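So in the working numbering the end of the sequence shown lands on 277, straight run, no missing numbers. Idealized CB from N, CA, C, for every residue including glycine. Keep in mind the model is a prediction, meaning the values are calculated, not measured. Below: the structure, in structure tokens.
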Amino acid sequence: MGINHWPEGERPREKLLQMGALALSDAELLAIFLRVGVPGRSAVDLARDLLAEFGGLRPLLEADQPAFCAVKGLGSATYAQLQATLELSRRHLASQLARGNALTSPALVRHYLTAQMRHLGHEEFAALFLDTQHRIIRFESLFRGTLDSASVYPREVARRALELGAGALILAHNHPSGVAEPSDADRRITRRLQDALGLLDIRVLDHFVVGDGEVVSFTERGWM
């Protein structure tokens, strides 16, 4: 039976309009995005199949184009639409963060860094550059690769901070393993950056390590 024949209160789109997006399951939200199903399968049925095939919502959303488009009912147009939707979400978080003081929105900073970095299959080291009132100037990825093998150069971070006129920054990097616990190398790099930037009167306010479902703050650990 097609969704059009379901009771109105059970149709995902109508349910969202009546009760809000939080009331919907992953499959129902995905069905609204997909809009249509395949012969013999409603959009909700297809959504459930996809979640089972990929192992959940996150692996589905982070699938590369070949894996995504190889599934019956999907294709390059749907993949492009998904990527545009995800990027809109990231830009929405960025615009929210840019309007205020980063230190007054720690949860928003976490959400933003998670959206930017959790899906990466490699390790990246990045920074949120802030003005003297701790408002966001720019988020930039600075180094790529594991921190043990890919050097993080304090002079490059300092040079970029000066170019942007930053008065402070928040460091961030991801752990592709999914375990957010900082390593000894993470702590050593943070101290080096604090010392180097401190000579230029640029404060390092925090260092976040983004894992799979967890983000660790150095400041909250009492390390900064």
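Sub-9 Å separation of residue i and residue j beta-carbons
i, j, result
"A133", "D184", "no"
"M277", "N227", "no"
"F192", "Y165", "yes"
"D79", "G90", "no"
"F178", "F196", "yes"
"L114", "H172", "yes"
"A221", "L258", "yes"
"V268", "P235", "no"
"G231", "G198", "no"
"A100", "L83", "yes"
"I255", "V162", "no"
"H260", "A233", "no"
Span of the alpha helix (DSSP H) around residue i
i, result
"R111", "110 to 114"
"H164", "159 to 170"
"V210", "207 to 217"
"E67", "65 to 72"
"P119", "118 to 122"
Three-state secondary structure (DSSP) of residue i
i, result
"L253", "coil"
"S270", "strand"
"S129", "helix"
"L222", "strand"
"H260", "strand"
"E176", "coil"
"S194", "strand"
Bridge partner(s) assigned by DSSP for residue i
i, result
"V91", "R94"
"I189", "L183"
Within-9 Å CB hit, residue i to chain D
i, result
"L75", "Going by chain labels, chain D is absent from the structure shown, which holds only one protein chain."
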